[in-house]
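If you read the sequences in order, they're chains A and B.
The opening residue of the first sequence carries number 129 in the working numbering; numbering runs sequentially from there.
The opening residue of the second sequence carries number 461 in the working numbering; numbering runs sequentially from there.
Built from N, CA and C at the ideal position, the CB exists for glycine as well.
Given the structure is predicted, the values throughout are model-derived calculations rather than measurements.
Note sheet for the following structure.
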Amino acid sequence: MHIPENYLAPATCAVMTAAMIPVWGHAVKKVNEVVPKEKIPMIGVGAAFSFLGMMFNVPLVGGTTGHAVGGTLIALLFGPDAACLAVSIALLLQALIFGDGGILSFGANCFNMAFILPYVGYAVYKLIMKGKTDEKGAKSFIAAGVGSYVGINLAAFFAAVEFGIQPLLFKDAAGNALYCPYDLSVSIPAMMIPHLVVAGVVELIFTIAIFAFVKKVSPDLTYDVINSGAVTAEKKKHIPVFALVAVLIAATPLGLLATGTAWGEWGADEIAEIVTNGKTLGYTPTGLESGWSLDVLMPDYTLGSMNEIAAYILSAIIGVALLVIIFKLISIPMKGRKTA
Amino acid sequence: MIPDWMNEKDTYVPPKKGGAYLYKTMRSMGLIMSRITIQTGSEGKINIPAKWKIIVLLLSIIAISVTNNKTVLLFFAAATLLIIALKPPEVINRIVKNAFASGIIASIFLLPAFVTNPVGRMNNLLVLIKVMLSISLVSIFNHSTQWNHITRGLRCLHVPTVFVFILDITLKYIYVLGNFINEMLTAHVMRAVGKNKDKYGSIGGIMGVTFIRGNELNKAMYEAMVCRGFTDDYKGL
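Pasting the structure below:
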């Protein structure tokens with residue numbers, strides 16, 4: 129679902145980024161009010177879950193790949209506002225270091241995955257729970273699953289719409305699209321079918337599994353508990369949670385099993401050969417060909433000729449460590465909620 | 461009988477910002493002192509002996525600087541970031557600041573190459589990363605090892621005794637003389653009123669007294685060492 133560089137017109141990118149600015153402002157303010165100071169570094173661990181979830185690519189119908197985002201999961205652990213910040217920073221790292229998603233399209237990616245996904249996912253969860261926050265039974269897991277499924281599909285829908293309006297708005301003199309060449313009739317089914325069938329299910333399993341694990345081993349890390357104010361001032365060690373992160377890091381090479389490129393994430397060199405509805409596109413859109421792109425350090429989580437599995441694991445460690453460092457640094461100036 | 465001048469109303473108002481320089485000096489002195497004293501408390505319960513840390517640190521820095529293999533570099537980057545991520549936020553802040561400061565200096569050096577040779581940009585970036593990694597590793601070592609353990613570790617590695625001795629005494633004297641300077645500055649601030657026109661004079665005074673004091677301490681220590689059997693030979697230390 130990461131929209132790469134040059135697939136969206138700069139104008140679209142500008143609009144999406146402008147839309148995100150007030151959201152980020154609101155999220156920072158709310159996190160400062162709601163989340164206790166000593167919990168803010170733990171948001172980095174939530175962002176790490178999201179980062180790792182996005183590294184597990186699963187093969188989808190039609191030769192493309194997809195992945196979980198984990199936005200709803202972070203919303204369940206630290207609240208939707210913290211989830212917005214966590215996913216945004218995870219996306220920023222991916223764009224800057226690993227070339228996953230563009231720099232210009234960063235605002236659009238954040239809009240889909242850091243705004244729509246966690247807020248919708250959490251709203252659905254709340255709706256199903258109907259304000260009952262202390263329920264221990266299976267209902268909260270069903271609610272979490274449904275929330276994450278609806279969240280990721282709505283995010284995919286928005287991404288599809290952003291792709292789909294490009295050829296309608298931006299064309300050159302010959303009628304060829306300047307940026308993404310597929311209109312809504314192609315992009316919506318191409319994005320939605322795989323997400324409804326596979327990626328949504330992966331997100332659902334990912335969310336429920338980790339949510340259940342965290343709820344069992346560190347119940348003080350769930351948003352319902354944080355929100356109810358039952359936070360103790362004593363420092364708790366979350367060793368099982370870190371152990372889970374380590375296990376996920378070790379398992380990331382599984383994501384390499386899916387070899388295709390996700391829909392809408394092709395490089396400028398492959399797009400002309402993509403087959404849609406039985407015919408190839410046959411041309412490379414000018415915006416893609418001559419567009420701006422940043423040479424990142426580790427494109428596609430690898431470095432040149434090195435062993436893919438080693439590179440993938442090392443990328444995962446670097447990404448997770450950077451996220452934890454960033455959120456630990458963020459926690460210094462943050463005031464956070466006072467614990468009674 | 462009260463003299464006239466005692467009955468006169470005093471209209472002297474000390475100018476604002478008087479002594480700002482002294483306060484600034486005191487603050488920076490205090491910062492250095494606190495950095496040295498904080499050192500004693502930063503080791504965890506389980507600690508690798510300083511000598512192994514020094515060996516690993518040196519080998520890592522050599523490996524980082526000579527390697528052309530990106531996998532090795534990536535491994536070191538991952539390991540360094542992982543260690544930093546496990547530190548408390550305040551320590552991370554200091555380590556990251558050091559790393560970025562060194563990165564900025566290195567990038568100033570590399571700027572001409574960056575501008576004139578676009579082909580080698582990726583290579584220059586690697587040099588920058590190597591610098592920042594090495595500095596981060598040294599910072600981590602610094603923040604997780606006490607001064608006295610560092611000197612002991614160096615001795616275990618058969619670094620010449622004179623060197624270890626000088627390093628150890630220097631570290632201790634930075635603290636002793638720093639405290640002395642701080643006390644003198646405090647005394648000076650308490651006695652100074654208004655604006656000090658002769659700032660450099662006061663610096664000279666303090667430096668001079670500190671030098672004399674250092675000499676005295678030096679002599680006293682040498683005598684104390686001789687009294688305990690020191691024969692101008694550092695072997696037995």
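*Taking C-alpha atoms, which residue in B:Glu683, B:Ile663 and B:Arg673 lies nearest to Tyr483 of chain B?*
The candidate whose alpha carbon is nearest that of Tyr483 of chain B is B:Ile663.
*Can you name the residues of chain A whose CB is closer than 8 Å to the CB of Leu541 of chain B?*
Ile445, Ile446, Ala449, Leu450 and Ile453, listed in chain order.
*asked:* Can you tell me where the alpha helix (DSSP H) holding Met257 of chain A begins and where it ends?
replied: Looking at the DSSP string, the run of the alpha helix (DSSP H) that includes Met257 of chain A is Leu245 to Met257.
_Three-state secondary structure (DSSP) of Pro509 of chain B_ = Here DSSP, grouped into helix, strand and coil, assigns Pro509 of chain B to coil.
*Is the shortest distance between the beta-carbon of Ala573 of chain B and the beta-carbons of chain A less than 8 Å?*
At least 8 Å separates the CB of Ala573 of chain B from every CB of chain A.
*Helix or strand or just coil, what does DSSP make of Val186 of chain A?*
Strand, per DSSP.
*Assign Ala196 of chain A to one of three DSSP states: helix, strand, or coil.*
Three-state result, Ala196 of chain A: coil.
*Hey, does Pro549 of chain B have any beta-carbon neighbour from chain A nearer than 8 Å?*
The Cβ of Pro549 of chain B sits closer than 8 Å to at least one Cβ of chain A.
*Does DSSP classify Pro368 of chain A as helix, strand or coil?*
Under the three-state reduction of DSSP output, Pro368 of chain A falls in the helix class.
*Chain-ordered neighbours of Ile462 of chain B on chain A, where CB pairs are closer than 7 Å*: Residues of chain A passing the Cβ test: none, with the nearest at roughly 58 Å.
*Determine the contact status of Phe234 of chain A and Leu219 of chain A, defining contact as a CB-CB distance below 8 Å.*
Cβ atoms of Phe234 of chain A and Leu219 of chain A: closer than 8 Å.
*Taking only beta-carbon positions, decide if Asn553 of chain B is within less than 8 Å of chain A.*
Cβ-Cβ to chain A under 8 Å: yes for Asn553 of chain B.
*State yes or no: is the beta carbon of Ala566 of chain B nearer than 8 Å to at least one beta carbon in chain A?*
Against chain A, the CB of Ala566 of chain B has no partner CB under 8 Å away; the residue lies outside that interface.
*Along chain A, which residues have their Cβ under 7 Å away from the Cβ of Phe535 of chain B?*
What Phe535 of chain B touches in chain A: Leu442.
*With a 10 Å radius around its C-beta and 16 neighbouring C-beta atoms as the bar for buried, classify Lys469 of chain B as buried or exposed.*
Exposed, since its Cβ has fewer than 16 Cβ neighbours within 10 Å.
*What is the DSSP secondary structure of Lys158 of chain A, reduced to helix, strand or coil?*
It is helical.
*Where Ala272 of chain A and Ala242 of chain A are concerned, what is the direct C-alpha to C-alpha distance, given to the nearest angstrom?*
Within the model, the alpha-carbon separation for Ala272 of chain A versus Ala242 of chain A is close to 17 Å.
*asked:* Give me the chain A residues within the contact set of Ala545 of chain B, using Cβ-Cβ distance strictly less than 9 Å, ordered along the chain.
replied: Contact of Ala545 of chain B with chain A by beta-carbon distance below 9 Å involves Gly172, Val448, Ala449, Leu450, Leu451, Val452, Ile453 and Lys456.
*With respect to the alpha helix (DSSP H) encompassing Cys308 of chain A, which residues constitute its N-terminal and C-terminal limits?*
No residue range can be given for Cys308 of chain A, since it is assigned to no alpha helix (DSSP H) and is classified by DSSP as neither H nor E.
*Ala538 of chain B touches chain A at which residues, Cβ-Cβ below 9 Å?*
Under the 9 Å cutoff, chain A gives Ile441, Leu442, Ser443, Ala444, Ile445, Ile446 and Ala449.
*Determine, using beta carbons only, whether Thr576 of chain B comes closer than 8 Å to chain A.*
Not closer than 8 Å to any Cβ of chain A, the Cβ of Thr576 of chain B fails to qualify, so no.
*asked:* Only counting the same chain, and skipping five residues up and downstream in sequence, which positions put a Cβ closer than 7 Å to that of Ile544 of chain B?
replied: These residues qualify, in order along the chain: Ile552, Ile555, Ser596 and Ile600.
*Going by DSSP, what residues sit across from Lys299 of chain A in a beta bridge?*
In the DSSP output, where bridge partners are listed per residue, Lys299 of chain A has A:Ala305.
*Give me the Cα-Cα distance between Ala305 of chain A and Pro572 of chain B, rounded to the nearest whole angstrom.*
In this structure, the alpha-carbon of Ala305 of chain A lies about 40 Å from that of Pro572 of chain B.
_the region 283–300 of chain A / the region 342–350 of chain A touching (three or more Cβ pairs under 8 Å)_ = In short, these stretches do not touch, since the Cβ pair count stays below three.
*8 Å Cβ cutoff met for Gly249 of chain A and Asn237 of chain A*: The answer is no: Cβ separation not under 8 Å.
*Beta-carbon separation (whole angstroms), Ala176 of chain A vs Val452 of chain A, contact threshold 8 Å*: Going by Cβ atoms, the distance from Ala176 of chain A to Val452 of chain A rounds to 7 Å, so yes, they are a contact pair.
_Same chain, Cβ closer than 8 Å to Leu384 of chain A, neighbours up to 5 away in sequence not counted_ = Asn185, Glu436, Ile437 and Tyr440, listed in sequence order.
_Taking only three categories from DSSP, how would you classify Pro549 of chain B?_
Pro549 of chain B falls in the helix class under three-state DSSP.
*Going along the region 157–181 of chain A in order, which residues come within less than 7 Å of chain B, judged by CB to CB distance?*
Flagged, chain order: Pro169.
*asked:* Quick check: the region 578–585 of chain B against the region 619–628 of chain B, are at least 3 beta-carbon pairs closer than 8 Å?
replied: Contact between the region 619–628 of chain B and the region 578–585 of chain B is absent, because fewer than three Cβ pairs lie under 8 Å.
*Proximity test, Cβ basis, 8 Å: Thr531 of chain B and chain A*: At least one CB atom of chain A sits nearer than 8 Å to the CB of Thr531 of chain B.
*With DSSP as the reference, label Ala449 of chain A as helix, strand or coil.*
In this structure, DSSP gives Ala449 of chain A a helical state, which the three-state scheme calls helix.
_Cβ of Ala379 of chain A within 8 Å of any chain B Cβ_ = In terms of beta-carbon proximity, Ala379 of chain A stays away from the interface with chain B, with every pair separated by 8 Å or more.
*For Lys557 of chain B, count neighbouring C-beta atoms within 10 Å of its own C-beta (all shown protein chains included) and say buried if the count is 16 or more, exposed if not.*
With fewer than 16 Cβ atoms within 10 Å of its Cβ, Lys557 of chain B is classed as exposed.
*Going by the beta-carbon positions, is the gap between Val342 of chain A and Ile280 of chain A smaller than 8 Å?*
For Val342 of chain A and Ile280 of chain A, no; Cβs fall outside 8 Å.
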